[in-house]
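Colleague: Have a look at this one before I ask anything.
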Amino acid sequence: ENIVTIRNLSKIYRQGEINVTALDNISLDIKAGEFLTLMGPSGSGKSTLLHIIAGIDRPTSGECLVQGIDVAKLNESELADWRNQNVGFVFQTFNLMPVLTAYENVELPLLLTKLNRKQRQHQVNTALELVGLAERKHHLPRQLSGGQEQRVAIARALVTSPNLLVADEPTGNLDSASAQEVLGILQTLSKDAGKTVIMVTHDPKAAAYGSRSIHLEKGELSK
Ligand code: ADP
Ligand code: ADP
Numbered sequence: 004e005n006i007v008t009i010r011n012l013s014k015i016y017r018q019g020e021i022n023v024t025a026l027d028n029i030s031l032d033i034k035a036g037e038f039l040t041l042m043g044p045s046g047s048g049k050s051t052l053l054h055i056i057a058g059i060d061r062p063t064s065g066e067c068l069v070q071g072i073d074v075a076k077l078n079e080s081e082l083a084d085w086r087n088q089n090v091g092f093v094f095q096t097f098n099l100m101p102v103l104t105a106y107e108n109v110e111l112p113l114l115l116t117k118l119n120r121k122q123r124q125h126q127v128n129t130a131l132e133l134v135g136l137a138e139r140k141h142h143l144p145r146q147l148s149g150g151q152e153q154r155v156a157i158a159r160a161l162v163t164s165p166n167l168l169v170a171d172e173p174t175g176n177l178d179s180a181s182a183q184e185v186l187g188i189l190q191t192l193s194k195d196a197g198k199t200v201i202m203v204t205h206d207p208k209a210a211a212y213g214s215r216s217i218h219l220e221k222g223e224l225s226k
């Protein structure tokens, strides 16, 4: 069963006087539960593809269906709701709020939902346990290691129970031991929890954790 169906997708950015083709007529199917890695040189369109799938960016032409929904057809507020419910984001730089504890960072996406305090507490604690950080929930980001910060960010991405997790170079700022821990968590999420994980990476060792790897070259898919 496909969670993502992409057909003849192109993205053209206007840079002053010139048009830059970031994605050139891409078609791609992603199955539910896959751990897909996106590789390719800098500027090949990896982030653009990830952003379109996640509803952060819109295609210039073509179609991107996620769970049957043409995300580009949603208006801004529908898109924001859809994103909050269906997609978890993990970034290279963690993007945690420095003045909030691990617990409070993970709780943030739930403050936009109708869940009450007790329900939020249950989901936050479950997400922190899943990444092995229940004991660190009262720590601030600066009191955590980089690997622990990224695990908090994964818990935050998961706390709304999205089916789709997108990660842009999640191990780019980590030492190799922390990177392996984070990759192991992403792999478990896809294998055991049935999450679809899409990860951009430069590192072939990181890509090896995935179930399938695709390469982009100048906005086109290559094998
Ligand atoms: P990658 O993630 O593989 O490094 P990107 O998707 O970031 O590649 O970029 C692909 C191409 O699109 C590059 O030529 C980049 O300069 C261009 N691009 C990306 N985002 C923008 C933007 N917001 N405005 C203009 N050009 C952009
Ligand atoms: P403990 O930390 O021993 O679980 P606490 O009395 O500190 O006990 O917290 C009780 C519950 O409330 C815990 O499950 C905790 O995760 C949750 N909790 C609610 N809000 C917060 C918050 N802002 N920071 C940390 N924990 C919170």
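When we follow UniProt numbering, the leftmost residue of the sequence shown carries the number 4, and every step to the right adds one.
The C-beta atom is built at its ideal place from N, Cα and C for all residues, glycine as well.
Treat the numbers as computed from the prediction; the structure is a model and nothing was measured.
#1: Where do the ends of the alpha helix (DSSP H) carrying Gln88 lie?
#2: Please give the ranges of any beta strand (DSSP E) in the region 139–180, keeping only runs that are unbroken, at least 3 residues long and fully inside the region.
#3: Would Gly65 and Leu12 qualify as a contact pair, given that the criterion is a beta-carbon distance under 9 angstroms?
#4: Would you tell me roughly how many angstroms separate the C-alpha atoms of Ala75 and Ala160, rounded to the nearest one?
#5: Within this structure, are the beta carbons of Leu113 and Val155 separated by less than 9 angstroms?
#6: Could you round the C-beta distance between Val90 and Leu177 to whole angstroms and report it? I think they count as a contact, below 8 angstroms.
#7: Mapping the DSSP letters down to three states, classify Asn28 as helix, strand or coil.
#8: Could you tell me the distance, in whole angstroms, from the CA atom of Gly48 to the CA atom of Ala25?
#9: Anything with a beta carbon under 6 angstroms from a heavy atom of ligand 1 counts; list them all in chain order.
#10: Measuring straight from C-alpha to C-alpha, what distance separates Leu73 and Val185?
#11: Should the region 24–40 be called in touch with the region 142–150, which here means at least 3 C-beta pairs below 8 angstroms?
#12: For Arg215, which residues of its own chain have a beta-carbon under 8 angstroms away from its beta-carbon, when the five flanking residues on both sides are left out?
#13: Would Val7 pass as a contact of Val93 if the rule is Cβ separation under 9 angstroms?
#14: How is the alpha helix (DSSP H) around Val127 delimited, first residue to last?
#15: Assuming Arg123 contacts Glu110 (C-beta within less than 8 angstroms), just tell me the rounded distance between them.
#16: In three-state DSSP terms, what is Val69?
Modeller: Based on what the coordinates show:
#1: Start and end: 79–89.
#2: Qualifying beta strand (DSSP E) stretches, in chain order: 167–171.
#3: yes
#4: Between Ala75 and Ala160, the C-alpha separation is close to 22 angstroms.
#5: no
#6: Rounded, the Cβ-Cβ distance is 22 angstroms, inconsistent with contact.
#7: strand
#8: 5 angstroms
#9: Tyr16, Gln18, Val23, Ala25, Gly43, Ser45, Gly46, Ser47, Gly48, Lys49, Ser50, Thr51
#10: Looking at the sequence itself, residue 73 is Asp, so the reference to Leu does not match. Near 31 angstroms, if we compare the C-alpha coordinates of Val185 and Asp73.
#11: no
#12: Glu37, Phe38, Leu39, Thr40
#13: no
#14: Per DSSP, Val127 belongs to the alpha helix (DSSP H) from 120–133.
#15: 6 angstroms
#16: strand
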